[in-house]
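S.K.: Before I ask anything, here is the structure I am working with.
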């Protein structure tokens, strides 16, 4: 940066690193470290070293990072999904997949981790992984039920050959993943899942996630899939069992997926390697969905190819048709196509249950459309063909803060905007909070608190709201879209009504 611009980028915040050390100064590009640093030489004379160094700091504390990411997703729900051109790094990731992926005799995919940096830049990660394991064991002493479920999860992981003891082929380029438990009470199968942290920095400052090409998002947006799902007479949903873990990682890359584990804290700590795609690795979503997409590409049936490539959201299938025999064909053929890659499609739900006769279907009537381990979801009752909103209501607190209000609002997941007339009131409260420039945990003004309390008292009534899933009449001969929009200084909105008419002049009107 030239001298004419240097003072323009400086911020006001400074931090001392102690006596005889340089200082940190904030800037528009991150923290700048600058100033004299005194050391003692062997001749016992002081030697001054001038240090000037600038870094971009993107490691916020965990809570603020989570809030930032959740808030970004919250606002992005209102954006019309766009397909952008692939970046150079995304093209490189796609090229890497095509040249480093192969299929076993069983049809299972084996992929290579797409690296953009050499693993040689990684530092030591064993000590942090060991510290996290010891912390986890302290928790186990207080919560034996958590320990029991954790052990059960890890045993299943091993029994399925998804992990094994590691020979540590090249310890100089290895990475030890920290791990912890995530609980999901709404899950029909596994209430606890162990997830792995590929973002924990090594002693060099690099994490394994810093090395990866992330890859493009090759699936359709959730908004697009749900919009299409509302047009079909018959809907079919399902999910791929343990989708990430059905794809093997090539053996030469498994040293980057090491973990420490033992069931009994009195036993020696073992070094294990994860043999499959792993939750918590930056490239995992792309690699797993790209394998699924490839199964569609290899499919000779154009309809099944279209469904596999466009009607999956992560591991959830949401598709449909207006014809009973066609739905049966979809159910059988999509399942068979995925089995060729060792992906098991299960937990089918449909409003045409006769096609599931003879299959093992879940007894639940709830479809949860979820992002990896998040609780984002819409409810669907196949027997009534109604959509609903199974979000959790936060209990009121005596002194709500900006953090509490935002976290409460983020629990209302509404990708189709059906709750916008209600949720907009809370969004306007957030606007006011931002204008007050409050910190996350500061008490909020009394007038905003009163309005929030009114909203929080009324919001549980949305749990009883049901919306017809289907927006079209049977065999329409005419379809019209009627749109309305308005705006004020505080908010803007739009609503689109769909009017369909059949040959008997019967009209169906939905929004």
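In our numbering, the protein residues as written are 32 to 542. Yeah, the Cβ is synthetic: ideal placement off N, Cα and C, and Gly gets one too.
Quick check on this structure: which residue in 524, 499, 507 and 472 has the alpha carbon closest to the alpha carbon of residue 452?
M.R.: Position 421 of the chain shown holds residue 452. Considering only alpha carbons, the answer is 524.
S.K.: CB residue 153 to CB residue 233, shorter than 8 Å?
M.R.: Here residue 153 corresponds to residue number 122 of the chain shown, with the count starting at 1. Here residue 233 corresponds to residue number 202 of the chain shown, with the count starting at 1. Yes, the Cβ-Cβ distance between residue 153 and residue 233 is below 8 Å.
S.K.: Is the segment 265 to 274 in contact with the segment 365 to 375, if contact means three or more CB pairs nearer than 8 Å?
M.R.: Short answer: they touch.
S.K.: Hey, how far is the Cα of residue 342 from the Cα of residue 360?
M.R.: Walking along the chain shown from the start, residue 342 turns up at place 311. Walking along the chain shown from the start, residue 360 turns up at place 329. One C-alpha to the other measures close to 15 Å.
S.K.: Roughly how many angstroms lie between the CA atoms of residue 169 and residue 156, to the nearest whole one?
M.R.: Locating residue 169 in the chain shown gives position 138, counting from the first residue. Locating residue 156 in the chain shown gives position 125, counting from the first residue. One C-alpha to the other measures close to 21 Å.
S.K.: Using a Cβ distance threshold of 8 Å, determine whether the segment 222 to 238 contacts the segment 127 to 134, with at least three qualifying pairs required.
M.R.: Because the criterion of three Cβ pairs below 8 Å is not met, the segment 222 to 238 and the segment 127 to 134 do not touch.
S.K.: Quickly, what does DSSP pair residue 31 with across the bridge? List them, please.
M.R.: The structure shown has nothing for residue 31, since the chain only spans 32 to 542.
S.K.: Starting from residue 301 and walking both ways along the beta strand (DSSP E), at which residues does that stretch end?
M.R.: Along the chain shown, read from residue 1 onward, the residue named residue 301 stands at position 270. First-last of the beta strand (DSSP E) with residue 301: 301 to 305.
S.K.: If you draw a straight line from the C-alpha of residue 541 to the C-alpha of residue 531, how long is it?
M.R.: Reading the chain shown from its first residue, position 510 is the one you call residue 541. Reading the chain shown from its first residue, position 500 is the one you call residue 531. Their backbone Cα atoms lie some 9 Å apart in a straight line.
S.K.: Quick one: is residue 310 buried, meaning 16 or more other Cβ sit within 10 Å of its Cβ, or exposed?
M.R.: The residue given as residue 310 occupies position 279 in the chain shown. With 16 or more other Cβ atoms within 10 Å, it is buried.
S.K.: Below 6 Å CB to CB, which residues in the same chain sit around residue 322 once its five sequence neighbours on both sides are set aside?
M.R.: By one-based count along the chain shown, residue 322 stands at place 291. Only 140 and 278 meet the Cβ criterion.
S.K.: Taking buried to mean at least 16 other C-beta atoms within 10 Å of its own C-beta, is residue 61 buried or exposed?
M.R.: Indexing the chain shown from 1 puts residue 61 at position 30. Exposed: under 16 other Cβ atoms inside 10 Å.
S.K.: Let me check understanding here. Comparing Cα to Cα, which of 478, 488, 513 and 318 lies closest to residue 128?
M.R.: Along the chain shown, read from residue 1 onward, the residue named residue 128 stands at position 97. Of the candidates 478, 488, 513 and 318, the one whose C-alpha sits nearest the C-alpha of residue 128 is 318.
S.K.: What residues match up with residue 57 in a beta bridge as DSSP calls it?
M.R.: As a working note, residue 57 is residue 26 in the chain shown. In DSSP, residue 57 forms a bridge with 62.
S.K.: As a quick exercise: from 494, 511, 476 and 275, pick the residue whose alpha carbon is nearest that of residue 188.
M.R.: On the chain shown, position 157 is the one that residue 188 refers to. When each option's Cα is compared against that of residue 188, the closest is 275.
S.K.: Could you check the C-alpha separation between residue 448 and residue 195 for me, to the nearest Å?
M.R.: Residue numbering aside, residue 448 sits at position 417 when the chain shown is read from its first letter. Residue numbering aside, residue 195 sits at position 164 when the chain shown is read from its first letter. Whole-angstrom Cα-Cα distance: 46 Å.
S.K.: What does a CB cutoff of less than 8 Å around residue 371 pick up in its chain, not counting 5 residues either side in sequence?
M.R.: On the chain shown, residue 371 is found 340 positions in, with the first residue counted as 1. Only 138, 326 and 329 meet the Cβ criterion.
S.K.: Roughly how many whole angstroms lie between the Cα atoms of residue 511 and residue 503?
M.R.: As a first step, residue 511 is located in the chain shown; it is residue number 480 there, counting from the start. As a first step, residue 503 is located in the chain shown; it is residue number 472 there, counting from the start. For residue 511 and residue 503, the distance between alpha carbons rounds to 10 Å.
S.K.: Use the C-beta contact count for residue 124: other C-beta atoms within 10 angstroms, 16 or more gives buried, fewer gives exposed.
M.R.: One-based indexing of the chain shown puts residue 124 at position 93. Counting Cβ neighbours within 10 Å, residue 124 comes out buried, since at least 16 surround it.
S.K.: Report yes if the C-beta distance between residue 382 and residue 528 is below 8 Å; otherwise report no.
M.R.: As a working mapping, residue 382 is identified with position 351 in the chain shown. As a working mapping, residue 528 is identified with position 497 in the chain shown. Cβ distance not < 8 Å, so residue 382 and residue 528 don't count as in contact.
S.K.: Need the endpoints of the beta strand (DSSP E) that residue 230 sits in, please.
M.R.: Reading the chain shown from its first residue, position 199 is the one you call residue 230. Here residue 230 belongs to no beta strand (DSSP E), and DSSP marks it neither H nor E.
S.K.: Name the two residues that bound the continuous beta strand (DSSP E) containing residue 531.
M.R.: One-based indexing of the chain shown puts residue 531 at position 500. Taken as a continuous stretch (DSSP letters only), the beta strand (DSSP E) holding residue 531 covers 523 to 532.
S.K.: Mind checking which residues open and close the beta strand (DSSP E) that includes residue 378?
M.R.: Within the chain shown, numbered from 1, the residue matching residue 378 stands at position 347. Start and end: 376 to 381.
S.K.: My assumption, with CB atoms under 8 Å, is that residue 443 sits in contact with residue 454. Please give the rounded CB distance.
M.R.: The residue given as residue 443 occupies position 412 in the chain shown. The residue given as residue 454 occupies position 423 in the chain shown. 6 Å between Cβ atoms; contact.
S.K.: Using the C-alpha atoms, what's the distance from residue 273 back to residue 394?
M.R.: In the chain shown, the residue the question calls residue 394 occupies position 363. In the chain shown, the residue the question calls residue 273 occupies position 242. Unreliable positioning characterises residue 394 in this predicted model, as indicated by a pLDDT of 39, which lies under 50. The coordinate reading is nonetheless provided below. Each residue's Cα considered, the two are about 19 Å apart.
S.K.: In angstroms with no decimal places, state the Cα-to-Cα distance between residue 491 and residue 424.
M.R.: Residue 491 sits at position 460 when you count from the first residue of the chain shown. Residue 424 sits at position 393 when you count from the first residue of the chain shown. Going from the Cα of residue 491 to the Cα of residue 424 covers about 7 Å.
S.K.: Sorted by chain position, which residues of the same chain lie with C-beta nearer than 6 Å to residue 559's C-beta, five sequence neighbours on each side aside?
M.R.: Because the chain is modelled from 32 through 542, residue 559 falls outside the range shown and cannot be assessed.
S.K.: Going by DSSP, what residues sit across from residue 243 in a beta bridge?
M.R.: If you number the chain shown from 1, residue 243 lands on position 212. The partner list for residue 243 (beta bridge, DSSP) reads 146.
S.K.: Contact check, residue 171 vs residue 161 under 8 Å by CB: the rounded distance?
M.R.: Translated into positions along the chain shown, residue 171 becomes position 140. Translated into positions along the chain shown, residue 161 becomes position 130. In fact, because the Cβ distance is near 15 Å, the residues do not count as touching under 8 Å.
S.K.: Given residue 44, which residues of its chain have a CB within under 7 Å of its CB, disregarding the five upstream and five downstream residues?
M.R.: Walking along the chain shown from the start, residue 44 turns up at place 13. The answer, listed in chain order, is 57.
S.K.: Going straight from the alpha carbon of residue 410 to that of residue 495, what length do you get?
M.R.: Indexing the chain shown from 1 puts residue 410 at position 379. Indexing the chain shown from 1 puts residue 495 at position 464. Spanning the two alpha carbons is a distance of roughly 12 Å.
S.K.: Does DSSP classify residue 422 as helix, strand or coil?
M.R.: The residue labelled residue 422 in the question sits at position 391 within the chain shown. Here residue 422 sits in coil by DSSP.
S.K.: Hey, residue 416 and residue 500 are a contact pair by Cβ (cut 8 Å); roughly how many whole angstroms apart?
M.R.: Here residue 416 refers to the residue found at position 385 when the chain shown is read from its first residue. Here residue 500 refers to the residue found at position 469 when the chain shown is read from its first residue. Indeed they touch by this definition, with Cβ atoms about 5 Å apart.
S.K.: Is the separation between the beta-carbon of residue 280 and that of residue 208 shorter than 8 Å?
M.R.: In the chain shown, the residue the question calls residue 280 occupies position 249. In the chain shown, the residue the question calls residue 208 occupies position 177. No, the pair does not count as a contact, with Cβ atoms beyond the cut-off.
S.K.: First and last residue of the beta strand (DSSP E) that includes residue 124?
M.R.: As a working mapping, residue 124 is identified with position 93 in the chain shown. Looking at the DSSP string, residue 124 is not in any beta strand (DSSP E); the run it does join, the alpha helix (DSSP H), is 119 to 131.
S.K.: Go to residue 209, then tell me how far its beta strand (DSSP E) extends in each direction, as first and last residue.
M.R.: Within the chain shown, the letter at position 178 stands for residue 209. Residue 209 -> beta strand (DSSP E) spans 209 to 214.
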